[in-house]
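Undergrad: Residue numbers (this note's numbering), protein chains in the order written: chain A, 1 to 204; chain B, 205 to 408; chain C, 409 to 612; chain D, 613 to 816.
Below you'll find the structure I mean.
Number of protein chains: 4
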Amino acid sequence: MARPTVPTRRADILLAARDVFNARGFAGTRMDDVARAAGLSKAALYLQFSSKQALFEAMVGELIEAMLPRAIPADFGATPAAVILRNFIQFMSLRITAPDMAFVPRVIIGEGANFPELARFYHSHVITRGMTIVERIVRHGMERGEFCSADPIQACRTIIGGVLLGAIWKNTFEPVGAEPIDAAAMAAAHADAVLFGLMTRSAS
Amino acid sequence: MARPTVPTRRADILLAARDVFNARGFAGTRMDDVARAAGLSKAALYLQFSSKQALFEAMVGELIEAMLPRAIPADFGATPAAVILRNFIQFMSLRITAPDMAFVPRVIIGEGANFPELARFYHSHVITRGMTIVERIVRHGMERGEFCSADPIQACRTIIGGVLLGAIWKNTFEPVGAEPIDAAAMAAAHADAVLFGLMTRSAS
Amino acid sequence: MARPTVPTRRADILLAARDVFNARGFAGTRMDDVARAAGLSKAALYLQFSSKQALFEAMVGELIEAMLPRAIPADFGATPAAVILRNFIQFMSLRITAPDMAFVPRVIIGEGANFPELARFYHSHVITRGMTIVERIVRHGMERGEFCSADPIQACRTIIGGVLLGAIWKNTFEPVGAEPIDAAAMAAAHADAVLFGLMTRSAS
Amino acid sequence: MARPTVPTRRADILLAARDVFNARGFAGTRMDDVARAAGLSKAALYLQFSSKQALFEAMVGELIEAMLPRAIPADFGATPAAVILRNFIQFMSLRITAPDMAFVPRVIIGEGANFPELARFYHSHVITRGMTIVERIVRHGMERGEFCSADPIQACRTIIGGVLLGAIWKNTFEPVGAEPIDAAAMAAAHADAVLFGLMTRSAS
DNA sequence: TATGAATGAGATTTCATTCAT
DNA sequence: CATGAATGAAATCTCATTCAT
């Protein structure tokens, strides 16, 4: 409750950094800009982060953590896999296309080659974690006889691919004139498309 | 007969540029490097391209052109839509993950915000074109009664999302330790996942 | 009391800039040289002046301000116009041919086409102001019956032309072997030449 | 009569060079521009002129020659000095402010420090020659009793200063908004101003 | 802790000049 | 003679990073 002002300082910087990196990319961002946006002197930045790269990594790390689904039920019980999967797709789609998150994939993809640490981090914390969840859901559906037996790993890719495309669309193509899409609607349609491929044909 | 050297000059530069931009990204690439890679002086570069950005755009434009499916049959005749779609997914997946192409999406996504022209170009020439083709295939399947009636546009996104993920995977995550995937195999699985959602339930 | 160092920085640079621009002209001056002459790094220059041109303009502006006659009596009273004019010519001649000023006209004339702002500034602040003063003096003489009625504007040109020629002579021709002239003597002779054309013939 | 085409080539270049140097000054002029303006390749320029500086000097030299009063009567006979002086001032003023000549003083003054050869040339061929002529006229007037006895050299400076100011005015200040002056009218007024200073007071 | 001032090490871009054809 | 193509050698400007205060 009485958290001192220090952690706020750091948070302010990260917030400002997010905005500037978001708007300009890594190379295009100047420490000057971040400092000004955070209302600090450039030198003060360096008291908190030892380099531009460190700042960038800290900021992305923070965002990634915030993006991960906090709680996934340990046991799915009797909930139909279709329902769980729908919810998951909805959840991820909305989260990943939220204005303050959408640039994470862009940054990871765009700067991944220059920041292998970041790509590794993202891969192991987001992709792998997300795929594990999806895989569990798929297996759950297979065990319940809802889903036909497919390679769960491959299925994951189809599922995640659609979610990712939504984020890219919003971030990369909408600003240059692509027709805007409604994240929730797209998620629903994506779930439909995916589900009817996974469900046994006898279902219905 | 005796003038094939001239047009080569430009192509040499573009080739070298592709390699360097591929390895280092836009900001990380120095004109010096491109020049050296092309076996020319820096100044000679500027004889052909008026700026780093112009060079970059020319190179990406060239690659994009090369990546587009040259010829799609105007009329699908009686070929089953499932076959056509499978082929298309295969074709695009292989093309987009080929070592000399795979970085195009990365670059578009990563630098799109800094080069709106590029994003626009990519959107209208690749994405839109690709989606139109997929849409035609889907409609073809619906007319033939192969595919259940779904929103073709949304279906496109699921299809293309999976293809794109393949390229990103190879480019961004494999270099940092993600388990390598076989493009052809993934394409086949993606087609499966997608197809069984599109086919009418009566097909059994 | 303890902050006289700050305003010095800018002045140091301007002083150094004056010397280098004086010796080498605008195009011939490298920011490196100015920096070295000011005992600073090149980057420090850009902290104060956003471009070479800005530095140049600031420096010339400063010099011009310094060159202008600070105070001209608002009312000439009963002082003979001939005396006033003589003094003015002396004053301007000495000022304009002083070693640290003499290059101003050269620069304005030489680079005026490339820096219209500078030419405009010089025209409105120096030429126009100077001509206004001369005009007032001439009218004063006419009112007093000292000077015959001539077109004061045209007379100004003859007067100023001679003063300007002195500066040009010192700067452009003396360095290549023209016989050196004494600024004060030339000013006196010029005043003579001019005065006896303005004075009424009855004065004798 | 049957002068071959060769001298034309050279003349074309000099003409083009004059225009470009006129518009952009020495440093601002690129050999490319001159070549294009002359309708030649850059390399062809170098067949005629060994360097940019050589080209510049040749061009200025040519102009200066063209500017000099071709013929001054060896003996003034009984023509009144006032008339001769008036004519001379008119002649020089018109010549020096002609659009294709006016930039010569600007260039000499502006680039003189960087091209001492040029300044020397101009000084000895134009200034000195002009001053000699004026001096002869003044002495002629003194011998005839028209002019009072003044220092002829100093008088020359007043005379030439006014002429020079006209050229500078047209070239440097008119383009930035100074009120345009009529060369002939200014010359006449200048002659008046000067003459009435030189003539004996008894002349009436 | 905070900052204003400073800088080293480039980066892009330009241009006079050359040379093979 | 003429040229298209090439280049070496700068010059301006930028920016992450440091340091005295």
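Don't be surprised by glycine CBs; every beta carbon is placed ideally from N, CA and C.
Note that the coordinates shown come from a computational prediction; the quantities given were computed from them, not determined experimentally.
Taking buried to mean at least 16 other C-beta atoms within 10 Å of its own C-beta, is G447/C buried or exposed?
TA: exposed
Undergrad: Answer yes or no: do G366/B and V342/B have a C-beta to C-beta separation smaller than 8 Å?
TA: no
Undergrad: Mind checking whether M467/C and R503/C have CB atoms under 8 Å apart?
TA: no
Undergrad: In chain order, what residues of the segment 782-794 of chain D put their CB closer than 9 Å to some CB of chain C?
TA: N783, T784, F785, P787, V788, G789, A790, I793
Undergrad: Quick check: the Cα distance between S612/C and I492/C, rounded to an integer number of angstroms?
TA: Here S612/C scores only 37 on pLDDT, less than 50, and its place in the model is too uncertain to base an answer on.
Undergrad: Could you confirm whether any beta carbon from chain D is found closer than 8 Å to the beta carbon of G569/C?
TA: yes
Undergrad: Tell me, please, whether the CB atom of R426/C is closer than 8 Å to any CB atom in chain D?
TA: Contact with chain D is absent for R426/C, since none of that chain's Cβ atoms lies less than 8 Å from the residue's Cβ.
Undergrad: Leaving out the 5 sequence neighbours to the left and right, which residues in its chain are closer than 8 Å to V338/B when beta-carbon positions are compared?
TA: L289, F292, P356, A359, C360, I363, I364
Undergrad: Between which residues of its own chain and P309/B is the CB-CB distance below 8 Å, once the five residues before and five after are set aside?
TA: I300, L368, A371, I372, N375
Undergrad: Could you check whether the segment 144-151 of chain A touches the segment 118-129 of chain A, counting it as contact only if at least three pairs of C-beta atoms, one from each stretch, sit closer than 8 Å?
TA: No, because fewer than three Cβ pairs between the segment 144-151 of chain A and the segment 118-129 of chain A fall closer than 8 Å, the two stretches do not touch.
Undergrad: Which chain B residues sit within Cβ distance under 7 Å of N87/A?
TA: Under the 7 Å cutoff, chain B gives no residues; its nearest Cβ is about 18 Å from N87/A.
Undergrad: For A601/C, decide whether its Cβ has a neighbour in chain D, counting only Cβ atoms nearer than 8 Å.
TA: yes
Undergrad: Based on Cα-Cα distance, which residue from F499/C, Q461/C, E587/C, S449/C lies nearest to L526/C?
TA: Q461/C
Undergrad: If A489/C and R552/C are in contact, beta carbons under 8 Å, what's the gap, nearest whole angstrom?
TA: 6 Å
Undergrad: Since I127/A and F307/B are thought to touch, with beta carbons under 8 Å apart, how far apart are those beta carbons, to the nearest angstrom?
TA: At roughly 19 Å, the Cβ-Cβ gap does not stay under 8 Å, so I127/A and F307/B are not in contact.
Undergrad: Buried or exposed, going by whether 16 or more other CB atoms sit within 10 Å of the CB of E677/D?
TA: With fewer than 16 Cβ atoms within 10 Å of its Cβ, E677/D is classed as exposed.
Undergrad: Here's the rule: buried if 16 or more other CB atoms are within 10 angstroms of the residue's CB, otherwise exposed. What is L642/D?
TA: The amino acid at residue 642/D is misidentified as Leu; the sequence shows Arg. Label assigned to R642/D: exposed.
Undergrad: Taking only three categories from DSSP, how would you classify I561/C?
TA: helix
Undergrad: Tell me the DSSP secondary structure of A595/C in three-state form.
TA: helix
Undergrad: Can we say the segment 440-458 of chain C touches the segment 419-427 of chain C, given the rule of at least three CB pairs closer than 8 Å?
TA: Counting C-beta pairs with one atom in each stretch, the segment 440-458 of chain C and the segment 419-427 of chain C have three or more that are closer than 8 Å, which means they touch.
Undergrad: For M409/C, collect the residues of the same chain with a Cβ closer than 6 Å to its Cβ; drop the 5 residues on either side in sequence, then sort them by chain order.
TA: Residue confidence is low: M409/C scores 39 on pLDDT, short of 50, so the model does not pin down where it sits. Its coordinate-derived value is still stated next. Within the same chain, M409/C has no close Cβ partners at all.
Undergrad: Whose C-beta lies closer than 7 Å to the C-beta of F280/B among residues of the same chain, with five residues either side of it excluded?
TA: I288, H344
Undergrad: Verify the CB distance criterion: does T362/B have a CB-CB separation below 8 Å to chain A?
TA: yes
Undergrad: Using a Cβ-Cβ cutoff of 8 Å, what residues of the segment 650-667 of chain D are near chain C? List them in chain order.
TA: none
Undergrad: Is it true that the CB of I109/A sits closer than 8 Å to the CB of G314/B?
TA: yes
Undergrad: Check for me: the alpha helix (DSSP H) holding L493/C runs from which residue to which?
TA: 489-505
Undergrad: In whole angstroms, what separates the C-alpha of A189/A from that of L55/A?
TA: Going by the C-alpha atoms only, they are around 38 Å apart.
Undergrad: Which residues of the segment 506-517 of chain C have a Cβ closer than 9 Å to any Cβ of chain D? Give them in chain order.
TA: F511, P513, R514, V515, I516, I517
Undergrad: Measuring only the C-alpha atoms, how far is G334/B from A43/A?
TA: 49 Å
Undergrad: List, in chain order, every chain C residue whose beta-carbon is nearer than 8 Å to that of P728/D.
TA: P583, V584
Undergrad: Keeping to the same chain, check which residues put their C-beta closer than 6 Å to that of N430/C; ignore five residues upstream and five downstream.
TA: F511
Undergrad: Is there a Cβ of chain A sitting closer than 8 Å to that of L267/B, yes or no?
TA: no
Undergrad: Please tell me whether Q90/A and A184/A are closer than 8 Å, where the distance is taken between their beta carbons.
TA: yes
Undergrad: For chain C, is any of its Cβ atoms less than 8 Å away from the one on A670/D?
TA: no
Undergrad: Any beta carbon from chain D within less than 8 Å of G436/C's own beta carbon?
TA: Judged by the 8 Å Cβ criterion, G436/C is in contact with chain D.
Undergrad: Using a Cβ-Cβ distance under 8 Å, would R120/A count as near chain B?
TA: So yes, R120/A belongs to the interface.
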